[in-house]
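Visitor: In our numbering, the protein residues as written are 86 to 165. All C-beta atoms, glycine included, are put in the ideal place defined by N, C-alpha and C. For clarity, every value in this text was computed on a predicted model and none was experimentally measured.
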Amino acid sequence: MRALVPVAILISSPVLLVAGAPVRRRYLRYVYRDETSQILEKERGRVSVHYFVITSRLLKWFCWPTESLARLASRGQMSG
Numbered sequence: 086m087r088a089l090v091p092v093a094i095l096i097s098s099p100v101l102l103v104a105g106a107p108v109r110r111r112y113l114r115y116v117y118r119d120e121t122s123q124i125l126e127k128e129r130g131r132v133s134v135h136y137f138v139i140t141s142r143l144l145k146w147f148c149w150p151t152e153s154l155a156r157l158a159s160r161g162q163m164s165g
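1) Does the structure place the region 134-142 close enough to the region 95-102 that three or more beta carbon pairs sit under 8 Å?
2) Going straight from the alpha carbon of Leu154 to that of Tyr136, what length do you get?
3) Helix, strand or coil: which one does DSSP assign to Arg118?
4) One question on the structure: do Val75 and Leu101 come within less than 8 Å of each other, judged by their Cβ atoms?
5) If you follow the alpha helix (DSSP H) that Ile124 is part of, which residue opens it and which one closes it?
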């Protein structure tokens with residue numbers, strides 16, 4: 086699973102470059118909901134695949150352009 090996460094991110098890279106910030110926020114909201122299982126369960130020695138997605142530098146890199154644009158847009162709304 087750990088090796089497949091970068092492959093999946095590379096396949097979805099065009100979408101992430103265009104709409105990465107909203108996609109990443111929704112995904113994080115989904116992962117951290119109360120109903121989902123924990124991403125790290127030390128007692129059981131279990132690591133969820135979500136952990137590898139959340140900590141992926143590749144995902145962060147592909148989402149960076151739209152997150153930067155969203156930040157700039159929010160600053161423009163606050164000053165205008």
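Guide: Looking at the coordinates:
1) With contact defined as three or more Cβ pairs closer than 8 Å, the region 95-102 and the region 134-142 are not in contact.
2) Position 69 of the sequence shown, counted from the first residue, corresponds to residue 154. Position 51 of the sequence shown, counted from the first residue, corresponds to residue 136. Roughly 26 Å between the two C-alpha positions.
3) The sequence position of residue 118 within the sequence shown is 33, counting from 1. If DSSP states are grouped into helix, strand and coil, Arg118 belongs with coil.
4) This structure cannot settle anything about residue 75, because the visible part of the chain is limited to 86 through 165.
5) Looking up residue 124 in the sequence shown gives position 39. For Ile124, there is no enclosing alpha helix (DSSP H), as DSSP marks it with neither H nor E.
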